[in-house]
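**Q** Line by line, the protein sequences are chains A and B.
Add 8 to the 1-based position in the first sequence for my numbering, that's all there is to it.
Add 139 to the 1-based position in the second sequence for my numbering, that's all there is to it.
Glycine included, each C-beta is placed from N, C-alpha and C at the ideal position.
All of these numbers come straight from a predicted model, not from anything done at the bench.
Below is one structure. I have some questions about it.
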Amino acid sequence: MRKVWDIHGGIHPPENKTQSLEHAIEFAGIPAQLILPVSQHIGAAASPVVQVGDTVLKGQCIAEAVGAVSVPIHAPSSGTVTAIEDRPIAHPSGLDDLCIVIDTDGKDIWHQPPSTRDFTQLDKATLVELIRNHGIAGMGGAGFPTSIKLNMREPSNIKTLILNGTECEPYITSDHVLMREQSRKLAQGIAILAKLVQPEEILLGVEDNKIDVVAGLQDALKQHDFSALTGKPTSAEVITFPTKYPSGGEKQLIEILTGKQVPTGSLPASLGIACQNLGTAVAISDAVINDRPLISRITTVTGQAVAQPRNFEVLLGTPVEYLLARSGYNASSSSNRLVMGGPMMGFTLLDITMPVVKTTNCILAPTEAELPSPPPAQACIRCGLCAEACPASLLPQQLFWFAQGKELEKLEQHNIADCIECGACSYVCPSNIPLVQYYRASKAEIRQRDADMQQAEHAKVRFDARQERLDRLEAEKIAARQARQAKAAANKAAQAGQDPKAAAVAAALARVGAKKSALEAAQNASAPEQIPAATLATDIDDPVQRALAKRAKQEQAGAANPAAVLQRAVESAEARLEKARLKLTNAETVQDSNVDAFKLAVDKCQSKLNQARAALDAHDAT
Amino acid sequence: MPLVQITSPHAHTSQSTSSVMMLVAIATLPGIAALTIGFGWGTLTNIVLSIIFALALEAGAVRLRKQPIGFYLRDNSALVTAILLGIALPPYASWWIILTGMFFAIIIAKHLYGGLGYNPFNPAMVGYVVLLISFPVEMTRWAAPLELVSELGTSGVSKPTLIESFGIALRLIELPTIDGFTMATPLDLLRQNDALMISDLKQTYPQFGAQGGLVWEWANLGFLIGGLFLLYRKIYTWHGPVSMLVTLSLLAAIFYDGGSSNSGGSPMLHLFSGATMLGAWFILTDPVSSAVSNKGRIIFGSGIGALIFIIRQWGNYPDSVAFAVLLMNFAAPLIDHYTQPKTYGHS
Numbered sequence: 009m010r011k012v013w014d015i016h017g018g019i020h021p022p023e024n025k026t027q028s029l030e031h032a033i034e035f036a037g038i039p040a041q042l043i044l045p046v047s048q049h050i051g052a053a054a055s056p057v058v059q060v061g062d063t064v065l066k067g068q069c070i071a072e073a074v075g076a077v078s079v080p081i082h083a084p085s086s087g088t089v090t091a092i093e094d095r096p097i098a099h100p101s102g103l104d105d106l107c108i109v110i111d112t113d114g115k116d117i118w119h120q121p122p123s124t125r126d127f128t129q130l131d132k133a134t135l136v137e138l139i140r141n142h143g144i145a146g147m148g149g150a151g152f153p154t155s156i157k158l159n160m161r162e163p164s165n166i167k168t169l170i171l172n173g174t175e176c177e178p179y180i181t182s183d184h185v186l187m188r189e190q191s192r193k194l195a196q197g198i199a200i201l202a203k204l205v206q207p208e209e210i211l212l213g214v215e216d217n218k219i220d221v222v223a224g225l226q227d228a229l230k231q232h233d234f235s236a237l238t239g240k241p242t243s244a245e246v247i248t249f250p251t252k253y254p255s256g257g258e259k260q261l262i263e264i265l266t267g268k269q270v271p272t273g274s275l276p277a278s279l280g281i282a283c284q285n286l287g288t289a290v291a292i293s294d295a296v297i298n299d300r301p302l303i304s305r306i307t308t309v310t311g312q313a314v315a316q317p318r319n320f321e322v323l324l325g326t327p328v329e330y331l332l333a334r335s336g337y338n339a340s341s342s343s344n345r346l347v348m349g350g351p352m353m354g355f356t357l358l359d360i361t362m363p364v365v366k367t368t369n370c371i372l373a374p375t376e377a378e379l380p381s382p383p384p385a386q387a388c389i390r391c392g393l394c395a396e397a398c399p400a401s402l403l404p405q406q407l408f409w410f411a412q413g414k415e416l417e418k419l420e421q422h423n424i425a426d427c428i429e430c431g432a433c434s435y436v437c438p439s440n441i442p443l444v445q446y447y448r449a450s451k452a453e454i455r456q457r458d459a460d461m462q463q464a465e466h467a468k469v470r471f472d473a474r475q476e477r478l479d480r481l482e483a484e485k486i487a488a489r490q491a492r493q494a495k496a497a498a499n500k501a502a503q504a505g506q507d508p509k510a511a512a513v514a515a516a517l518a519r520v521g522a523k524k525s526a527l528e529a530a531q532n533a534s535a536p537e538q539i540p541a542a543t544l545a546t547d548i549d550d551p552v553q554r555a556l557a558k559r560a561k562q563e564q565a566g567a568a569n570p571a572a573v574l575q576r577a578v579e580s581a582e583a584r585l586e587k588a589r590l591k592l593t594n595a596e597t598v599q600d601s602n603v604d605a606f607k608l609a610v611d612k613c614q615s616k617l618n619q620a621r622a623a624l625d626a627h628d629a630t
Numbered sequence: 140m141p142l143v144q145i146t147s148p149h150a151h152t153s154q155s156t157s158s159v160m161m162l163v164a165i166a167t168l169p170g171i172a173a174l175t176i177g178f179g180w181g182t183l184t185n186i187v188l189s190i191i192f193a194l195a196l197e198a199g200a201v202r203l204r205k206q207p208i209g210f211y212l213r214d215n216s217a218l219v220t221a222i223l224l225g226i227a228l229p230p231y232a233s234w235w236i237i238l239t240g241m242f243f244a245i246i247i248a249k250h251l252y253g254g255l256g257y258n259p260f261n262p263a264m265v266g267y268v269v270l271l272i273s274f275p276v277e278m279t280r281w282a283a284p285l286e287l288v289s290e291l292g293t294s295g296v297s298k299p300t301l302i303e304s305f306g307i308a309l310r311l312i313e314l315p316t317i318d319g320f321t322m323a324t325p326l327d328l329l330r331q332n333d334a335l336m337i338s339d340l341k342q343t344y345p346q347f348g349a350q351g352g353l354v355w356e357w358a359n360l361g362f363l364i365g366g367l368f369l370l371y372r373k374i375y376t377w378h379g380p381v382s383m384l385v386t387l388s389l390l391a392a393i394f395y396d397g398g399s400s401n402s403g404g405s406p407m408l409h410l411f412s413g414a415t416m417l418g419a420w421f422i423l424t425d426p427v428s429s430a431v432s433n434k435g436r437i438i439f440g441s442g443i444g445a446l447i448f449i450i451r452q453w454g455n456y457p458d459s460v461a462f463a464v465l466l467m468n469f470a471a472p473l474i475d476h477y478t479q480p481k482t483y484g485h486s
């Protein structure tokens, strides 16, 4: 007997599985209308390739995969496309999504009749392509496109292939009946998987509440020579272990079967392990061997509100309403909710027209007495039952505390990201606190905060880049101006130059000066508000010196002829006044904020002119 | 019936906080029975008055906080606090002692901190310690075991009936003469002893029983049985109580030098005297004020065990469960910080 490990925590809720196990799998039939969401898997939604009004045949591709992480959708039966529109779909959000609606004709005519193929003759690329083109996505939970999971690098680094036959959720028996009635097909699917991933061991994990299927599975597995398929010694075993929820979680099952824990944030492949769902394996067998795309699945319909709980082979797109009618659902019974999935992790349906999709393993219609509405939550007394039950060894009571206070960093320190939302903590909580709901909300808050932070970071980078560009342009502008001035000065000197040698020296000096001031301008450019002051500082010396020199010269001349000096003063004052008035009118027309300053300047010029006139008059009088 | 949207999980155990608290209350019965048989009706009057005051105070506090009274009274947490404080008080404690204690337990230690689940300290122990410090005379006057009362042949109402006991608790009837009716507890004697060998001490004073104190050993056994019942019902894990008892026994064994006058008494004496078992199975297991992880609870319990022995042996008080528990309540957040369990997939 192979050693199995135990996981931390876990619970033993009432199993309620026998109700739906009494009957064999039954074909649910062809409903009048099939509703096929284009997004039944993780990744990009498939893109419709049919038009409203088109006639489609069973197995015909009606929406093709878009990009790598995507799978196509096929028509589950023959009929006419009557709508391609948003409809309510089976998703916890309760949102609508694009669906292709087919009104069936009841003839169920195959687009391409199923054939038989010998998969041992096919190479890996062909197998992966077949799996992808037949629309196969993980049928256990998330619906991850199977072909991506199987598209291994060469050589494969997978040592252990695990088939998940745990089905630990209460009520659900779809995998149980699959193992009971389709073990041959299942073994074929496992053989195809073995050829693809080339493991050293194949482990089919089954909880010991399904012990009746073990012998049949072992027989079926014996039909295949796995070593021949993988090209190396490969063992295949059915392993049973004690029933406990949530042993069927991928991470939990890996720990139970191998004793290893998947490192947080990585995939099982990092341990050399690949995990596959049983329904997926059967779908692979159908696709590869019989060329039959994924158009139906096994779904359990159970709960006390249905008269005949059982497992159906259901065409994808079948409305839940149709299945409930087939199993004698009593809507007037005290049924308070409809759950898609199990009682631990399933989500409630608000619309019974929602279709069955690739991941729908169970429709649960409980009565109020069976699954009572949650009573009001009491205070958390930190009893620690949740920590005892947590399969991830978290401290749910602490997480709850931090979630209430929105202490996102504390939540991260306490590894909220490792919560698998199995619901074991909420199940045992004596105070009826909806713990998982708090964690979901907190995870969403953390995601939102991270997104906000990323956006802020992005905005900051963009702002910095813009600022740098503006500064650079400003610096370039200043440098160009300086260069222009220097050139003009040099030209002037050269024109006036009696001595060509002196002119050359002046030009050189001017060039050096221009370079220097351009450099200074560039340095100052990073502080834009200082630029005007800096430019002023570089300009101010020369004009002031020049003005002083000019005035000294004028005074010398004025000593000889005071009347002429005064006359010139009056003229220049008049000119200045004129200039100031012009500036004021300009400022007023553009509504410059410096209008007052200009007015003041005009007044000053006026008074200076008056003074100059008075002085001239006085001189004339003498 | 209309379909409702409810998030998973949809299944739930039938266990509720109210039923957990009720189980704890029921589990105290063997110990209460032993105390009542051994010391008379005094413990029962304590408990009855405690419950009345506790529920009234709880209702008042909940009302002041504008919350539904019935919903909060039904969680039975005030009931448990009342029973635990009632057990801890000396039998025939007067009504105003009980009222004061319950006020500090329910109003100060619990509701001022935010109500059930938010109290950092064990409410019953806060009430007890406040009383012990404020009214040392009343709080250290423990009733004599009934069998010794008759031996000493005291007259009057030395063995009050249930009705008389309530009269005494309400101080409508005078407390019988102090000598004989009340008596030093075994732990008091151990504390005061500085000359006698332990074996001589046991010979001299009739308050000692076969292992622990007379009556006390039966009361401790009763609380042990109640505790094991709660353990069996998975109300709590073994980590806290067992580590406390083991630590206390180890320290007692280390300092038990065969029974000299300096000796602290044998491990059995420590385990079956005073509030040891009550503390281990009913006080430190209060989940609200203890450490949360199993590892943390081992540290928490060991700390309490060590403090109990240290205070009993070298401190000023003969028993010390309340102080030890409150001191470790202080340390609980620190312990939590350092004992976070390893999450799946983390190394």
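Does A:Leu265 come within less than 8 Å of chain B when only Cβ atoms are used?
**A** no
**Q** Would you call the stretch 386-401 of chain A and the stretch 365-378 of chain A touching, i.e. three or more CB-CB distances under 8 Å?
**A** no
**Q** Mind listing the chain A neighbours of B:Val431? Cutoff is C-beta to C-beta under 8 Å, in chain order.
**A** Arg390, Gly392, Ala395, Leu403, Gln405, Gln406
**Q** Less than 8 Å between the CB atoms is what I'm expecting for B:Ser441 and B:Met383, so what's the real figure, rounded?
**A** 7 Å
**Q** Just to make sure I have the definition right: I need the residues of chain A whose C-beta is within less than 9 Å of the C-beta of B:Leu142. Which are they?
**A** In chain order: Ser343, Asn344, Arg345, Leu346, Thr356, Leu357, Leu358, Asp359, Ile360.
**Q** Leaving aside the five residues before and after A:Arg589 along the sequence, list all residues of the same chain whose C-beta is less than 7 Å from its C-beta, in chain order.
**A** Val610
**Q** Which whole runs of the alpha helix (DSSP H) in the stretch 324-391 of chain A are 4 residues long or more, in chain order?
**A** As for any alpha helix (DSSP H) of minimum length 4 sitting wholly inside the stretch 324-391 of chain A, the runs are 328-334, ordered along the chain.
**Q** Does the CB of A:Val400 have a neighbour CB from chain B at under 8 Å?
**A** Contrary to the premise, residue 400 of chain A reads as Ala rather than Val in this sequence. It does: the Cβ of A:Ala400 has a partner Cβ on chain B nearer than 8 Å.
**Q** Please determine, among A:Gln421, A:Ser439, A:Gln445, the residue with the shortest C-alpha to C-alpha distance to A:Cys430.
**A** A:Gln445
**Q** Would you list the one or two residues that DSSP bridges to A:Lys66?
**A** A:Trp118
**Q** Closest Cβ-Cβ distance between B:Val159 and chain A: below 8 Å?
**A** yes
**Q** Going by other Cβ atoms of all chains shown within 10 Å of its Cβ, with 16 needed for buried, is A:Arg633 buried or exposed?
**A** Lying before the first or after the last residue shown, residue 633 of chain A is absent from chain A, which here runs from 9 to 630.
**Q** List, in order along the chain, the chain B residues whose C-beta lies closer than 7 Å to that of A:Tyr435?
**A** Pro148, Ala150, His151, Thr152
**Q** Tell me, to the nearest whole angstrom, how far the beta carbon of A:Tyr179 is from that of A:Ala432; I am working on the premise that it is less than 8 Å.
**A** With 8 Å as the limit, A:Tyr179 and A:Ala432 do not qualify as a contact, their Cβ atoms being about 16 Å apart.
**Q** Does any residue of chain B have a CB that is nearer than 8 Å to the CB of A:Leu379?
**A** Residue contact check for A:Leu379 against chain B: a CB pair falls below 8 Å.
**Q** Quick check on DSSP: helix, strand or coil for B:Leu353?
**A** coil
**Q** Using the C-alpha atoms, what's the distance from B:Trp420 back to A:Ala150?
**A** 45 Å
**Q** Taking the continuous beta strand (DSSP E) assigned at A:Gly87, which residues delimit it?
**A** 87-96
**Q** Does DSSP put A:His82 in a helix, a strand or coil?
**A** A:His82: strand per DSSP, three-state reduction.
**Q** Considering only residues of the stretch 241-322 of chain B, which uninterrupted alpha helix (DSSP H) runs meet the minimum length of 4 residues and lie entirely inside it, listed in chain order?
**A** 262-273, 275-278, 285-291, 301-308, 317-320
**Q** Where A:Asp183 and A:Met147 are concerned, what is the direct C-alpha to C-alpha distance, given to the nearest angstrom?
**A** 10 Å
**Q** Go through the stretch 137-197 of chain A residue by residue and report every complete run of the alpha helix (DSSP H) that reaches 4 residues or more, in order.
**A** 154-158, 182-189
**Q** Does any residue of chain B bring its CB to less than 8 Å from the CB of A:His49?
**A** So no, A:His49 is outside the interface.
**Q** My guess is that A:Ala522 and A:Ala491 are in contact by the Cβ rule of under 8 Å, so how many angstroms apart are they, rounded?
**A** 5 Å
**Q** Can you find a C-beta in chain A that's less than 8 Å from the C-beta of B:Gln479?
**A** It does: the Cβ of B:Gln479 has a partner Cβ on chain A nearer than 8 Å.
**Q** Kindly indicate which residue of B:Leu188, B:Pro275, B:Gly352 has the alpha-carbon position closest to the one of B:Leu174.
**A** B:Gly352
**Q** At which residue ranges does the stretch 219-282 of chain A contain complete alpha helix (DSSP H) runs of 4 or more residues, listed in the order of the chain?
**A** With a minimum length of 4 residues, the continuous alpha helix (DSSP H) runs that stay inside the stretch 219-282 of chain A are 222-230, 234-238, 258-266.
**Q** Could you tell me whether any Cβ in chain A is nearer than 8 Å to the Cβ of B:Gly484?
**A** At least one CB atom of chain A sits nearer than 8 Å to the CB of B:Gly484.
**Q** The beta strand (DSSP E) spanning A:Cys107 covers which residue range?
**A** 104-112
**Q** Write down the C-beta distance between A:Arg318 and A:Ser341 rounded to the nearest angstrom, noting that I regard them as a contact closer than 8 Å.
**A** That pair is no contact at about 18 Å.
**Q** My understanding is that A:Arg418 touches A:Phe408, with C-beta atoms under 8 Å, so please give their C-beta distance in whole angstroms.
**A** Residue identity check: residue 418 of chain A is Lys in the sequence provided, not Arg. Rounded, the Cβ-Cβ distance is 12 Å, inconsistent with contact.
**Q** Chain B beta carbons: is any one of them nearer than 8 Å to that of A:Ala387?
**A** yes
**Q** Would you mind reading off the limits of the alpha helix (DSSP H) that contains B:Leu183?
**A** 181-203
**Q** Could you check which residue in A:Asp62, A:Leu201, A:Val185 has the C-alpha nearest to that of A:Leu130?
**A** A:Leu201
**Q** Quick one: is A:Asp14 near chain B, going by C-beta distance under 8 Å?
**A** Cβ-Cβ to chain B under 8 Å: no for A:Asp14.
**Q** So, does the CB of B:Ile145 fall closer than 8 Å to a CB anywhere in chain A?
**A** So, interface residue.
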